[in-house]
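Residue numbers (the working numbering): 158 to 530.
For every residue, glycine included, the Cβ atom is placed at its ideal position computed from N, Cα and C.
Printed below as a string of structure tokens:
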């Protein structure tokens, strides 16, 4: 699969090109930069605009074969001369379509443009190199903007992270790896960081918003407020421990979480799928007949298997045992440093089981949601 380049690489390349055209007076249609990942990035320029004392241009973001929502959008930079005050300064800010940070715990402080520190370093380095090439000793302002940024941002995590008004300029290597697991892990870490920065030492984690209606109806809790761990249960536990969280509630559909009851910490089907084996084994432990276990093993979905458990009168003990095993493996992964609870549910059947400490959780979360006087 084909690699792509981050919004950070696009911003740095556009900034270099705009600075070059401003300081040399020459026109160019193409620019090359070195990415932190040691892969050169050559980009075609578009939307070049020259005015007195400033130049702007854009680069179409190429995400390679990664299905990122920013692929194909225009990332632009405007570079202008500003008073130097006797010392060369490269001032970097975000313009239209670039988000602003409104909550603590992110890469940039509250109030800053959502241009992360590595892209900022890339932009500053590329523009400084052009200044040396042109023997320019003055200061420059670099304004990064994205015409479609506000519209595209609605399809990203930015609104839930408290980044308003546009997209973020991101990237640590400058390179986009197709279907990058690291990108998901980075997002999980950001959400955990943000919650910890807000002063909480407890966190609700869910694989996604599957079952959101159930959680809201039965517990008054909106899964949008949880940290989404996707399939990366183990890595999320590791991060939570490293950040100093003391308590964690894992809430999710039986189809995902039954795997955790077997000690599986990455729930993606390509990593492991022993859902029916675990349910059949737990059923036998609860006194089910061999015929019932065989029927479970033939099921295609966990909800079908739950209906068989219900017919045999074994649903309650099996689900309670599964909840206990989930907490056991979560605490084992957390090396005993993280008190854990869980809620299991299914689409049609609602709540299947919950660990003993769940009641305390919703007292905590209700207090958190209550308006502060």
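(message) Quick check on the burial criterion: 16 or more other C-beta atoms within 10 angstroms. Buried or exposed for residue 451?
(response) Exposed, because fewer than 16 other Cβ atoms sit within 10 Å of the Cβ of residue 451.
(message) So within the region 300-341, which uninterrupted beta strand (DSSP E) runs reach at least 3 residues, ignoring any that extend past its ends?
(response) Taking only runs of at least 3 residues, no beta strand (DSSP E) segment lies wholly in the region 300-341.
(request) With distances taken Cα to Cα, identify the nearest neighbour of residue 424 among 492, 386 and 216. (result) Comparing Cα-Cα distances from residue 424 to each of 492, 386 and 216, the minimum goes to 386.
(request) Grab the span of the alpha helix (DSSP H) containing residue 391 for me, first residue to last. (result) Start and end: 390-399.
(request) Write down every uninterrupted run of the alpha helix (DSSP H) in the region 450-505 whose length is 4 residues or greater and which is fully enclosed by it, in chain order. (result) The DSSP assignment places complete alpha helix (DSSP H) segments of no fewer than 4 residues inside the region 450-505 at 459-468 and 472-490, in order along the chain.
(message) My output table needs one value for residue 212: the three-state DSSP class, helix, strand or coil.
(response) In the displayed model, residue 212 falls within a strand according to three-state DSSP.
(message) Does the region 366-373 come into contact with the region 409-419, if we say contact requires no fewer than three beta-carbon pairs (one atom in each stretch) closer than 8 Å?
(response) Short answer: they touch.
(request) Would you identify the three-state DSSP class for residue 345, choosing helix, strand or coil? (result) Three-state DSSP puts residue 345 in a helix.
(message) At the level of alpha carbons, what is the spacing between residue 363 and residue 503?
(response) Answer to the nearest angstrom: the Cα atoms are 14 Å apart.
(request) Inspect the beta-carbon positions of residue 171 and residue 239 and report whether they are closer than 9 Å. (result) The Cβ atoms of residue 171 and residue 239 lie no closer than 9 Å to each other.
(request) Return the first residue and the last residue of the beta strand (DSSP E) that residue 238 is part of. (result) First-last of the beta strand (DSSP E) with residue 238: 231-239.
(request) Would you give the residue range spanned by the beta strand (DSSP E) that residue 444 belongs to? (result) Careful: residue 444 lies outside any beta strand (DSSP E) and carries neither H nor E.
(message) Please report the distance separating the alpha-carbon of residue 242 from that of residue 426.
(response) Residue 242 and residue 426 have their C-alpha atoms some 59 Å from each other.
(request) Go through its chain and collect everything with a Cβ distance to residue 453's Cβ below 7 Å, but skip five positions before and after it. (result) Around residue 453, the same chain offers 433, 436, 437, 440, 462 and 465 as residues with beta carbons nearer than 7 Å, after the five sequence neighbours per side are excluded.
(message) Would you call the region 272-287 in contact with the region 297-304, where contact means no fewer than 3 C-beta pairs closer than 8 Å?
(response) Three or more pairs of CB atoms, one per stretch, sit closer than 8 Å, so the region 272-287 contacts the region 297-304.
(request) Please name the residue in 315, 195 and 177 whose C-alpha comes closest to that of residue 381. (result) For the set 315, 195 and 177, the Cα lying nearest the Cα of residue 381 is the one of 315.
(request) Express the C-alpha separation of residue 480 and residue 391 in angstroms, rounding to a whole number. (result) Going from the Cα of residue 391 to the Cα of residue 480 covers about 16 Å.
(message) Taking the alpha-carbon of residue 279 as reference, which of 194, 266 and 511 has the nearest alpha-carbon?
(response) Per the C-alpha coordinates, the member of 194, 266 and 511 positioned closest to residue 279 is 194.
(request) Would you kindly work out how many angstroms separate the C-alpha atoms of residue 517 and residue 403, rounded to a whole number? (result) Residue 517 and residue 403: Cα-Cα distance of roughly 14 Å.
(message) Excluding the 5 residues flanking residue 530 on each side, which residues of the same chain have their C-beta closer than 7 Å to its C-beta?
(response) Because the pLDDT of residue 530 is 48, which lies under 50, any placement of that residue in the model is unreliable, and the number read from its coordinates should be weighed accordingly. Excluding positions up to five away in sequence, the list is empty.
(request) In angstroms with no decimal places, state the Cα-to-Cα distance between residue 201 and residue 163. (result) Rounded to whole angstroms, residue 201 to residue 163 spans 15 Å at the Cα level.
(message) Can you find the residues in the same chain that come closer than 7 Å, C-beta to C-beta, to residue 484, ignoring five residues on each side of it along the sequence?
(response) Same-chain partners within the cutoff: 497, 498, 499 and 512.
(request) Determine the burial state of residue 188: buried for a count of at least 16 other Cβ atoms within 10 Å of its Cβ, exposed for fewer. (result) Buried is the call here.
(request) Compute the distance between the beta-carbons of residue 323 and residue 266, then report whether it is under 9 Å. (result) Judged by their CB atoms, residue 323 and residue 266 are not nearer to each other than the 9 Å cut-off.
(message) Judging by CA-CA distance, which residue of 232, 182, 455 and 476 is the nearest neighbour of residue 212?
(response) Of all alpha-carbon atoms in 232, 182, 455 and 476, the one lying nearest the alpha-carbon of residue 212 is that of 182.
(message) Measuring alpha carbon to alpha carbon, tell me which residue in 447, 477, 430 and 443 is nearest residue 154.
(response) The structure shown has nothing for residue 154, since the chain only spans 158 to 530.
(message) Using a Cβ-Cβ cutoff of less than 7 Å, which residues in the same chain neighbour residue 274 once the five nearest sequence positions on both sides are dropped?
(response) Excluding sequence neighbours, residue 274 sits near 264.
(request) Count the CB pairs spanning the region 350-364 and the region 244-258 that are closer than 8 Å, and state whether there are at least three. (result) The answer is no - the region 244-258 does not touch the region 350-364, with fewer than three Cβ pairs under 8 Å.
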